[in-house]
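Q:
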Amino acid sequence: TLHAIEELHNIGYLSRDVKPSNFAVGHPNALRRLIYMLDFGIARCYVDKNGNPLPRRTKTSFRGTSRYCALPQHKESDQCRRDDVESWFYMLVELTVGRLPWAGYSRHEKSKIASSKRRARTTGRRIFLENCPSQYEVIMDVIDQWPFEMIPDYDGLLV
């Protein structure tokens with residue numbers, strides 16, 4: 028799934044809606060069972076015609092799914108590649124343990140979801156990642172350190 032996100036970024040687009048239901052596995056009789064990324068309804072081109080990143084916008088409207096969106100999206104900040112990767116990380120945790128701590132909130136309770144995500148990164152980190160491989164903590168630290176314009180080290184996350 029991370030490779031699919033990387034490929035989308037390589038062609039100059041952000042998904043802005045990374046979540047489990049936006050991925051599918053290819054046919055089992057195919058030589059290679061590929062992971063397909065679906066639903067580009069709110070995807071956005073983040074580069075200009077020369078392939079240079081567009082300037083960061085100061086204010087945007089909310090796009091995405093509250094359960095999986097990156098923390099900056101809750102503040103309606105402009106989105107970047109890091110945000111798609113952060114959403115992937117939430118998806119990874121959910122697929123590993125079966126449920127995210129904020130799954131009980133409705134999609135309209137964005138402030139409660141954002142608070143729960145902040146807690147998961149600080150005081151509640153141990154509980155958030157308690158049934159996950161130890162590498163998940165490193166992944167979360169790495170994602171949190173990436174500046175807005177940085178090209179994520181996708182391969183480094185999978186080592």
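Numbers 28 to 186, taken from this note's numbering, label the letters of the sequence shown in order. Yeah, the Cβ is synthetic: ideal placement off N, Cα and C, and Gly gets one too.
1) Mark E113 as exposed unless 16 or more other C-beta atoms lie within 10 angstroms of its C-beta, in which case mark it buried.
2) Given a threshold of 16 other Cβ atoms within 10 Å of its Cβ, counted over all protein chains shown, does Y95 qualify as buried or as exposed?
3) For R84 versus D110, is the C-beta distance shorter than 7 Å?
4) Distance check for I166 and P47, CA to CA, integer angstroms please.
5) Please report how far the alpha carbon of T24 lies from the alpha carbon of V186, in whole angstroms.
6) Taking I62 as the reference, which of E164, E33 and S88 has the closest Cα?
7) Would you mind reading off the limits of the alpha helix (DSSP H) that contains Y117?
A: Concretely, from the data shown:
1) buried
2) buried
3) no
4) 19 Å
5) Residue 24 lies beyond the range of the chain shown here (28 to 186); nothing can be said about it.
6) E33
7) R108 to V124
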